[in-house]
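Participant: Protein chains in written order, with our numbering: chain A, 636 to 1576; chain B, 6 to 107; chain C, 334 to 459; chain D, 312 to 396; chain E, 124 to 240; chain F, 239 to 746.
Backbone N, C-alpha and C fix where the C-beta goes; we use that ideal spot for every residue, glycine too.
Following this message is one structure expressed as structure tokens.
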Amino acid sequence: MLLLLLLAVLTVTTAAVPVIDRLPGRWTGWTLAAVLALAAVPVLAAGPGLWAGGAPVEAHLPWMPSLGVGLHLRMDGLAWLFCALVLGVGALVTAYSAGYFPPGRRTGFYFLMSAFALAMTGLVLADDLVLLFVFWELTTICSFSLIGLSGPGASRPAVRTFLLTALGGLALLAAVVLLWVRTGTTRLSEILGDTAWTQDTAFTTVVAALVVLAVFTKSAQFPFHYWLPDAMAASTPVSAYLHAAAMVKAGVYLAMRFTPAFTDNPLWGPVLITAGLTTAVLGALLALRRHDLKELTAYSTVSQLGFLIAVISVGTPQALIAAAVHTLAHALFKATLFMAVGVIDDRTGTRDLRELGGLARAMPVTAALSALAALSMAGVPPLLGFVSKENVFEALLDIPHAPWAGPLAAAVAVAAAALTVAYSVRFVYGAFWGGRPTRTGDDRPREAGALFLAAPVVSALSGLVLGLGVALLNPMAARAAGDATGRTAEPHLALWHGLNPALGMSAAALLLGALLVRFTSSGERLARYRLPPVRGTAVFERVHAAVISAGVRTGDATRTDSPTRHLAVPFVLIIGFAAVVALAGPDFGPPAGPTSRPLDWLPVVLVAAAVLTAVTTRSKMAALALVGLAGFATAVWFLFLGAVDVALTQLLVEILTVVVAVLVLRRLPAGFHRVRPSRTAATAVIAVLAGAAATAGAYALTGRREPSAVSAHLLDNAPADTGGTNVVNTVLVDYRALDTLGELTVLGVAGLIIIAVLHSAGLTADAGERPAVSRTNPVWDADSNTVIMRTVARVLIPLLVVWSLYLLMRGHSAPGGGFIAGLVGGSAFALAYLAAPSASVARIRLAYPAVIAAGVLTALLSGLLGLADGSFLRPLHADVPLPWGGHYHFTTALVFDVGVYLAVVGVMLTALNQLGLPRPGADAAEASPTAGRSTATGGTR
Amino acid sequence: MTLALTIGVLTAGAVYLILQRGMVRIVLGFVLLSHAANLLLMSAGGVFHRGAPLLGRSATEALADPLPQAFVLTAIVIAFSITVYMLTLAATGTGDETEDAS
Amino acid sequence: MTGPLRRALRITWFPFFYGARVVASSFQVARDVLTPGSAASPAFIEVPLQARTELEITAIANMVTLTPGTVTVAVRTEPPTLWVHGLYTADEHAFFADIHRMEDYLLGITRRGGAPARTADGEVSP
Amino acid sequence: MNPVDIALLLLGASMVVAVGRILVGPTKADRGAGSDVVFFGFVGIVALLGLRLDSDALVDVVLVCTLVGFLAALSLARLVSGGER
Amino acid sequence: MTPLEVIAVACAVAGSAVFAVGALGLVRLRDFYARLHGISISAALGTALLLLGLLLWFPSPANALKIGLALLVQLATAAVGGNALARAGYLDRTPVTADTRRDDLAAADPERHGSGD
Amino acid sequence: MNPVLLPLLVALPLTGAALLAVFTSRTAVRLLLPATAALGLAGGLALLGATGGGGILVHQVGLWPAGVSIPLAADAFSALMVTTTALLVLVCSLFALATGEAERRYFAPLVLVLSAGVYGALLTGDLFNLFVFVEVMLLPSYGLMAIAGTLRGLRGGRTYVTVNLLTSTIFLAGVALVYGTAGTVQLGELAGAAQRSPAVAAAMGLVLLAMAVKSAVVPVHGWLVRTYTAPSPAVTALFSGLHTKVAIYAVYRLYAVVFEGQASLLWIGLVVFTATMAVGVLGAVGETTTRSILVFHMVSQIGYILLGVALFTELGLMAGIFYLVHHMVVKASLFLSTGAVEHVYGTGDLERLRGRARGEPLLALAFLGAALSLAGLPPFSGFVAKLTLVTAAFDAGRWTVAAVAIAVSLITLMSMLKIWGSVFWGRPPEPETETGAESGAGTGTAATATAVRTAPPRLRTALVLPAVALTAVTLCVGLGAEVLLDLSAQAAAHLLDTSTYVEAVTNR
Ligand code: NA
Ligand code: NA
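Given below as structure tokens:
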């Protein structure tokens, strides 16, 4: 309950930041600090109970029960330590922020700081791996956003940091999922409590490697260390909290958590200690070379994190105690130093050691607390840093793996510690005592106000107090290390252990450090040497660029607006598919009857002739006519197969296609483009293979079964069910009217989109060849010459209309129906259009979109009427008595068909009127006969 | 077999045209391809019974499967709609050309 | 015979009259098609018409086109004129005579008074 | 052999000839002429199939064919003249 | 077969033969305009015979109406289509054979430019 | 909910569309378009309510016997899809109203027909009817694609039409072969047919192949990448949420019902979809405009979504369905937030946009949230989606697939940060003098006439809210993941054991 409340308070606070931030002045920071401090109180209060051996505090709330993932929280000794750190340092830093920033609204900053506190608290309290991961990623997002928030220049570092830490996050995700799948649970305590799964060394090694990756990226271990200095683009409070005290410790926390599972793994220890010590030395070395105090502090953080990782690798309770105490010590001194850097920056306007010096006089408090923190960092008694570092040395000496490992590791650690001493001196001496005094006189810097300094003072003094009273930390450290390792830990934290190797190492480190300070001018000389030119950010950018260029190349493969290439791929796939099926050689059974008749060869030959010639001709007109022939031959096939309605529709559609195509072709050049022979050959190969596949598919996969049940039902029941005897038509308007409704919608939409597209894009200028004959020749005169067509059309048009209505009415019992009738009606309009002496006369001034819409609405209406009989599109029947006796069998299917009719006619009207618009430029040509003639000379073949 | 052959010839021609330059050839290719698909639908109903499914005119036994015929009718009209639209596209913008250069 | 009856008979007789005309000229063209060589002497010839209404002009123009050996290429309504592509125009007199015979027959149907009388060279007598 | 089959063959051959004209051209007008023959031949084929398949449903098809043939002929002519009316 | 059916088949065969002759004209005749005359054979005489054959095969009043209508439309098509095509060909300046005797159309052109010879 | 009402989901938008085709006034559009879209959403929610507990609604349209009738059926899967579709239609319509695009000629009716097609496709239990509804969905899309009137739009329009027509024809051929082999196209009657008969399997293979092209999996993804960048942002958002997703839905449904999840073929899917994930994300990171990045990235996400069916385990299917819904929402949000920028500044070119977060914090937040969700970061829905999917992959022993899925999400983040860093962060651009926007910018409004202006205009709230709303949805779905997880599990259950669905559809 306590833990849920804690998270709830933090959540509510975060959500409330936009409201809180309306407070005037610096109150947002103070309020947040107060909340964090208050939140820390019950946590701290729970400490003694835990140290006394009490059960961990737990809380549960369901989240994703179907996955078995819940809001399981658990505070044991280890979690307590980190939780206290997060809240405590959080309170200090937010309080500091209030003074750091000039008054004004900073909603984003405070929101993210608060969210970060929430995320970090959640992370250390999570007893569910998934939950842990969620909070882990949230800290990453907060870090990314906070860095980016600090200004335009910070966006690149933010992105770099984000991507790198996200890489680690994904490794963690993989580890989480692997463990989950392996153990069947996401409960961290259960997984770590029962480490039967660690018997599988291969599996454990994989998981360990993933966790290592997560830890290293989050805690800035070599070779990923570079992000941390990069992240210094963020404002100082962010650096102090996220990039020194809290977020970077998430890796440390994770490594400590997983210690029981991985200690025995052959990968874990060596990798951790190698990387840790390398990082410790490298970080310290780099810190010593910095001029920017913030960068120095950042590299120092890297180095200290290296110490922590190295000591965790040892895996013994002693080592974990050292890690726990050093985590605490580091949080305190590093937060102090960052805050001090912020103060210096604020007061002097610079962080560059070359411009700073002798600030101690002007800023004595800052100088004092910086010195306290630096001494703790350097491991000088009686500060907490001394105790923690000595424990680290001691633990390292006890590396269990090999007898030589301990001394070697300890030696390296001493070297790193010596460097630490050196850069600690560089920081404090360089800024406060040495160097040229920073500005003098009235311009000289002044000490910061009490409220600004309050937070660093608290953290600096804590390091001193806890160092002096370090024995008080024993129960806490014991519980933390015990909970981390699963073994009992017996801490003996004290300022004085007697004369032991660790003390010697401490002394050695201090001595060596002093020598370094002496002979390198506090590192100043080192700064002149060039280090190997490998910079982390540069490597990152190179990898980044490589990925992007790989991406560009990937995109290049499809970077074309020519439909052809996009169309070729599916064809090739189908050919491949057919080949695979053929090679598998499945038995599809014998044909259920004879598959051909002699007369069939007539359409075969016609189709073949049409297709062969259509593909070879370079004349668009010829191609159009030949494709039309192929359509006619197809219609013959339909007739052969007993599909009269289909043949009729096919014919009508074919002709209307030709009519429309002519309207389009006249605007285009008469010939097709030339194509390279190689491309023609490739195309031909694909075409022939596709044709073979189609033939094989059609032959093998059809005609090998008995007539279907649905076919039998239709043929047996159509008249009884629907009152119709043209079964195909009953399928269209009764049984599967939904299909027809869709089809009619498609047709109607085609009409609309033709209008829409032409409305927005317009037709191309006419590219067809102009007639070559003089305009004064009698053959030109359209008014006279169309008299024949007009006169015949005047007879034919009413004939077509009547005929179409007849076809509409009889569709249910004979070939016909809405579509066929509509197409015939449509051809009446086409005829009227063609016969007119000019395009403007030809225009049919009907609201054709309305005709289309009326058609669709009529069909829908007849469908809705069906609801009266229990279903949409269920036809209603009525026998209408006729005045001359007998009765007419009326069905709403006919209404539906009327809708179809209207839509078809509407679309034909649309196509003719829209595509038949006068040719752009035609009027101009008429106005100037010379224009007509000049085309005439060029236009003949 | 004859029907399958027709389907194959139509498909081959269609594929060839579709893979050429220029919108008009592509459109014509698709017209052929839809013929092929429609014949395939007819083929799916079987080719042994070829009587027109108009009841009351002849014996029911030899009648062709009406369902694929209805399918084809629907498919023809849909293909027609798209063809008309594609022809419109061919007449807009850059005209027929579909490629920048060969 | 009275006018209406006469016209009814003419209408009834029309298919046979025109059918014979078509068959005859079909054979003429078919001979050119089926045998080597050609007797053709093509030309585009202007044919002034007696027909006046659009229906008359249309009908005669169509009859000309439908008859193998002659095709109407262009039409003018004011004054009514056809331009006919004739395949066998060596004997222009016969060419015009054939067309005039059809026109006269037609006008005999469409007009109460029948076709106006013509002179020997096909011109309409004043 | 059914005499109607011979007739079908003749019409089929006619259409192949017409296809040749469409393909060879050389003028748009020639292609138009070839196309006309194709369309007329098709009407003929449908009529013959009426006999051959003994299906009077084809009478309707013939009628529709002739009706739309008119449209086709006019359209193709329009194309020959470059869209000129 | 009934006698009527025999006549029907005979009509059909004769019609297709006539049609084929006209179609052959597409190859044999020398220019576009000459070929139009061949088409007339097919379109008028050929199809008329074929339609007559169909009517005789299904002799009924309804069919007579339909086929008669079809014949009329077919002839109209042949005529109007032939005219349209001829004119279109002329507009497109389709070349004529060298032995074309004269061109009154060009003569009727006041501007006398670009005539079809 | 009475199953008799199922067809109304199709009929009502069609009615709205028909009315809007006649009444084209601004007022009519502003009233009818959102109202009809909202009606669809209400219908979807009602469906969810009726099916969320595992029920299935079936209606044999026309009340003919099962097998003769076209059945419309809704289970949790279709209900989820319908609801998400309706949400997107509504939000994208509102966005289009805000940009003014909705008032273009026939935009509104086309969108409504499109939605009707999608609803029909999601509900139908008949293969041929599916073909028809896919066409009902596609035809308006052809118009919407080219409606922008730019050259790029027209060219994209051509590729779009031709590829989709080809795919539809392949699909139709597949349906033909299915009828040829099985003698039925009714899904219920086809249950397990592919497992019983190699002929049906081959025929269905062709259908699935067509669906694969439609869902733009590698190597047939190029068309999507090239065409979805062409229309306006609202249209792209709509398409991204609807089109490929219908194909994906069909793949799930068909493989589950007709193949009964046949295990021996799953490897093909694993290979193809893994490649799709990888190729898509690489392509995305290489692009240089907001839209092309997002579009290319769709390909990658399609790979993720389809992995679910390729795993064909309970968890896998559930993960895939969850991912599907999540993706529809998030991708639309991204298109709309970047689209708002594109609309106002006239370009989506990363080089020309900078520092937009400062002026448009809300929009920036909407983008960032959705981007993080896309990359699978908590607390957004994308995290749950990725988590379940990766878990399912590991659980099925597909380590490589899981590893690729994880690695791809890093590059996803990279590509999203590319947009973020370029468009929203950084120094706002110096006043530029250039005015000629590229023709590819695409919205066709006055804003396209000028590039980034000296004084950047503020975005209207109506332009920002759609993206914000969708990002809020992804956040809520992430935080309260259980609701969607539960529905996805319900949906997956019906795919894993199709007997309930089959019995309902066949009336047995
Ligand atoms: Na003639
Ligand atoms: Na940029």
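1) Can you grab the Cα-Cα spacing for the pair ALA1112(A) / VAL883(A), in whole Å?
2) Taking only three categories from DSSP, how would you classify MET556(F)?
3) Check the DSSP bridge columns for PHE693(A) and list the partner residues they point to.
4) Which word fits PRO1198(A), buried or exposed, when buried means at least 16 other C-beta atoms lie within 10 angstroms of its C-beta?
5) How many angstroms separate the CA atom of TYR542(F) from the CA atom of ILE31(B)?
6) Listed in chain order, which residues of the segment 354–378 of chain D have Cβ atoms closer than 8 Å to some Cβ of chain B?
7) Counting contacts by CB-CB distance shorter than 9 Å, is ASP424(C) in contact with chain E?
8) At a CB-CB cut-off below 8 Å, which residues of chain G make contact with ILE1423(A)?
9) Return the chain-ordered list of same chain residues with a C-beta closer than 7 Å to the C-beta of GLN1285(A), the five sequence neighbours on each side being excluded.
10) Indicate whether ILE782(A) and ALA868(A) have their beta-carbon atoms separated by less than 9 Å.
11) Might you give, ordered along the chain, the residues of its own chain that have their beta carbon closer than 7 Å to the beta carbon of TRP815(A), omitting 5 neighbours on each side?
12) How far does the beta strand (DSSP E) with ILE432(C) in it reach, from first residue to last?
13) So the alpha helix (DSSP H) TYR739(F) belongs to, where does it begin and stop?
14) Below 8 Å on the Cβ atoms is my guess for ALA970(A) versus ALA879(A); work out the distance and round it to an integer in Å.
15) Pick helix, strand or coil for LEU1134(A), following the three-state DSSP scheme.
16) Using C-beta distances below 6 Å, list every residue in its chain close to PRO471(F), excluding the 5 sequence neighbours before and after it, in chain order.
17) So what does DSSP say about PRO1472(A), is it helix, strand or coil?
18) Throw me the rounded Cβ distance for the HIS732(F) and ALA314(F) pair, which I believe falls under 8 Å.
19) Could you give the residue range of the alpha helix (DSSP H) that holds TYR579(A)?
20) What would DSSP say about ARG268(F), mapped onto helix, strand or coil?
21) Does the Cβ-Cβ distance between ALA414(F) and SER48(B) come in under 9 Å?
22) Please report how far the alpha carbon of HIS481(F) lies from the alpha carbon of MET375(F), in whole angstroms.
23) Measuring only the C-alpha atoms, how far is ALA1322(A) from GLY51(B)?
24) Is the separation between the beta-carbon of THR151(B) and that of LEU1350(A) shorter than 9 Å?
25) Could you give the distance in angstroms between the alpha-carbon of LEU173(E) and the alpha-carbon of ALA358(D)?
26) Give me, in chain order, the residues of the same chain whose beta-carbon lies closer than 6 Å to that of PHE428(C); leave out the 5 immediate sequence neighbours on both sides.
27) Hey, how far is the Cα of ALA454(F) from the Cα of TRP461(F)?
28) Mind checking which residues open and close the alpha helix (DSSP H) that includes ALA318(D)?
29) Exposed or buried, what is GLU234(E) when buried is set at 16 or more other beta-carbons lying within 10 Å of its beta-carbon?
30) Any chance the segment 132–145 of chain E sits against the segment 343–357 of chain D, with 3 or more Cβ pairs inside 8 Å?
31) Can at least three beta-carbon pairs, one atom from the segment 838–846 of chain A and one from the segment 928–947 of chain A, be found at a separation below 8 Å?
Facilitator: Reading from the atomic positions:
1) Here residue 1112(A) refers to the residue found at position 477 when the first sequence is read from its first residue. Here residue 883(A) refers to the residue found at position 248 when the first sequence is read from its first residue. Taking the straight line joining both Cα atoms gives about 20 Å.
2) The residue given as residue 556(F) occupies position 318 in the sixth sequence. DSSP, reduced to helix, strand and coil, places MET556(F) within a helical segment of the structure shown.
3) For this step, residue 693(A) is matched to residue 58 along the first sequence. Reading off the sequence, residue 693(A) comes out as Glu, not Phe. Paired residues: ARG709(A).
4) Here residue 1198(A) refers to the residue found at position 563 when the first sequence is read from its first residue. With 16 or more other Cβ atoms from the protein chains shown falling within 10 Å of its own Cβ, PRO1198(A) counts as buried.
5) For this step, residue 542(F) is matched to residue 304 along the sixth sequence. For this step, residue 31(B) is matched to residue 26 along the second sequence. A straight-line Cα-Cα distance of about 33 Å links TYR542(F) and ILE31(B).
6) Along the segment 354–378 of chain D, the positions whose C-beta sits under 8 Å from a C-beta of chain B are SER366 and ALA368, read in chain order.
7) Looking up residue 424(C) in the third sequence gives position 91. Under the 9 Å criterion on CB atoms, ASP424(C) is classed as non-interfacial with respect to chain E.
8) The chain inventory of the structure shown lacks chain G, comprising the protein chains A, B, C, D, E and F.
9) Along the first sequence, one-based indexing puts residue 1285(A) at 650. Excluding sequence neighbours, GLN1285(A) sits near GLY1266, THR1269, ALA1270 and PHE1273.
10) Against the first sequence, residue 782(A) aligns to sequence position 147. Against the first sequence, residue 868(A) aligns to sequence position 233. In this structure, ALA868(A) lies closer than 9 Å to ILE782(A) by Cβ.
11) In the first sequence, residue 815(A) corresponds to position 180, counting from 1. So the list reads LEU764 and THR821, once near-sequence residues are dropped.
12) On the third sequence, position 99 is the one that residue 432(C) refers to. Counted as a single uninterrupted DSSP element, the stretch harbouring ILE432(C) is not any beta strand (DSSP E) but the alpha helix (DSSP H) occupying residues 425–443.
13) Mapped onto the sixth sequence, residue 739(F) falls at position 501. Run containing TYR739(F): 737–744, per the alpha helix (DSSP H) assignment.
14) Against the first sequence, residue 970(A) aligns to sequence position 335. Against the first sequence, residue 879(A) aligns to sequence position 244. The distance from the Cβ of ALA970(A) to that of ALA879(A) is about 6 Å, consistent with a contact at the 8 Å cut-off.
15) Taking the first residue of the first sequence as 1, we reach residue 1134(A) at position 499. DSSP places LEU1134(A) in coil when its eight states are reduced to three.
16) Along the sixth sequence, one-based indexing puts residue 471(F) at 233. Answer for PRO471(F): PHE573, GLY577 and GLU580, listed in chain order.
17) The residue you call residue 1472(A) lines up with position 837 of the first sequence. Secondary structure at PRO1472(A): coil, using DSSP grouped into helix, strand and coil.
18) Counted from its first residue, the sixth sequence places residue 732(F) at position 494. Counted from its first residue, the sixth sequence places residue 314(F) at position 76. Rounded, the Cβ-Cβ distance is 7 Å, consistent with contact.
19) Here chain A covers residues 636 to 1576 and nothing more, so residue 579(A) does not appear.
20) Locating residue 268(F) in the sixth sequence gives position 30, counting from the first residue. Note: ARG268(F) maps to helix in three-state DSSP.
21) Taking the sixth sequence and counting its residues from 1, one reaches residue 414(F) at position 176. Taking the second sequence and counting its residues from 1, one reaches residue 48(B) at position 43. Cβ atoms of ALA414(F) and SER48(B): closer than 9 Å.
22) Stepping through the sixth sequence from its first residue, residue 481(F) is reached at position 243. Stepping through the sixth sequence from its first residue, residue 375(F) is reached at position 137. Approximately 8 Å, taken between the alpha carbons.
23) The residue given as residue 1322(A) occupies position 687 in the first sequence. The residue given as residue 51(B) occupies position 46 in the second sequence. CA-to-CA, the gap between ALA1322(A) and GLY51(B) works out to about 26 Å.
24) This structure does not reach residue 151(B), given that chain B is present from 6 up to 107, and the question cannot be answered.
25) For the purposes of this step, residue 173(E) is identified with residue 50 of the fifth sequence, where counting begins at 1. For the purposes of this step, residue 358(D) is identified with residue 47 of the fourth sequence, where counting begins at 1. Each residue's alpha carbon lies about 6 Å from the other.
26) Against the third sequence, residue 428(C) aligns to sequence position 95. Excluding five sequence positions before and after PHE428(C), the CB atoms of its chain that fall closer than 6 Å to its own CB belong to GLY419 and THR422, given in chain order.
27) Taking the sixth sequence and counting its residues from 1, one reaches residue 454(F) at position 216. Taking the sixth sequence and counting its residues from 1, one reaches residue 461(F) at position 223. Taking the straight line joining both Cα atoms gives about 8 Å.
28) Your numbering for residue 318(D) matches position 7 in the fourth sequence. Where ALA318(D) is concerned, the enclosing alpha helix (DSSP H) stretches over 314–335.
29) Taking the fifth sequence and counting its residues from 1, one reaches residue 234(E) at position 111. Around the beta carbon of GLU234(E), fewer than 16 other beta carbons sit within 10 angstroms, so the residue counts as exposed.
30) Between the segment 132–145 of chain E and the segment 343–357 of chain D, the count of Cβ pairs shorter than 8 Å is three or higher; the stretches touch.
31) Touching, no, given that fewer than three Cβ pairs across the two stretches are closer than 8 Å.
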